[in-house]
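Residue numbers (the working numbering): 2 to 176.
1) Can you list, in chain order, the residues of its chain with a C-beta nearer than 8 Å to that of residue 95? Leave out the 5 residues immediately preceding and following it.
2) Considering only their Cβ atoms, is the gap separating residue 88 from residue 1 smaller than 8 Å?
3) Output needed for residue 162: all residues of its chain with C-beta closer than 7 Å, excluding positions within five of it in sequence on either side, in chain order.
4) Please report how far the alpha carbon of residue 39 lies from the alpha carbon of residue 152, in whole angstroms.
5) Going by DSSP in three states, residue 117 sits in which element: helix, strand or coil?
6) Return the chain-ordered list of same chain residues with a C-beta closer than 7 Å to the C-beta of residue 114, the five sequence neighbours on each side being excluded.
7) Using the C-alpha atoms, what's the distance from residue 23 back to residue 90?
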């Protein structure tokens, strides 16, 4: 099916229009669509709520595994149809989905009380190759998102076992 912006562009084209003009119109529509950034995969069932088995199984196989930091689409909490590309720490699996924690390079230690009142809890995980600037990162342990394994854009790094154990402890503490 032709998208509405493309259909509008094609309707404006008449039989006397050259292929060059048509190519420009199509290129303009594609450029506008690409500026919107990545889109959420259809069928996102929502964040994971409830018990799950936390696992640490990183393997050097270029496939996202628990214990690895990957880049993928992360839906916004308030609207799952919108979001952005961010690093996440894979912490488990559920019915074909990977379970992951959103990461941030923002330091929440200074506003820990405020974050806690809002029901958000963070744990420091250090720095790694998932961030090109090697900034210190934190994992949000109270929000578990589902990640389609095919939607993983790139594998950033394996989190060391000690940091992963600290994350697992904090997940258990806040779930």
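Yeah, the Cβ is synthetic: ideal placement off N, Cα and C, and Gly gets one too.
Based on what the coordinates show:
1) Taking the chain shown and counting its residues from 1, one reaches residue 95 at position 94. Once the five neighbours on either side are set aside, the close Cβ partners of residue 95 are 49, 53, 147.
2) Within the shown structure, residues of the chain are numbered from 2 to 176, placing residue 1 beyond reach of any answer.
3) For this step, residue 162 is matched to residue 161 along the chain shown. The residues 57, in chain order, have a CB closer than 7 Å to that of residue 162 in the same chain once the five nearest residues on each side in sequence are set aside.
4) Translated into positions along the chain shown, residue 39 becomes position 38. Translated into positions along the chain shown, residue 152 becomes position 151. Per-residue confidence for residue 39 stands at a pLDDT of 47, beneath the threshold of 50, marking its modelled position as unreliable; the derived number appears in the next sentence. Their Cα atoms are separated by approximately 10 Å.
5) In the chain shown, counting from the first residue as 1, residue 117 sits at position 116. In the structure shown, residue 117 sits in a helix (DSSP, three-state: H, G or I).
6) The residue given as residue 114 occupies position 113 in the chain shown. Taking C-beta separations shorter than 7 Å and ignoring five residues to either side along the sequence, residue 114 has no partners in its chain.
7) Indexing the chain shown from 1 puts residue 90 at position 89. Indexing the chain shown from 1 puts residue 23 at position 22. One Cα belongs to residue 90, the other to residue 23, and the distance between them is close to 44 Å.
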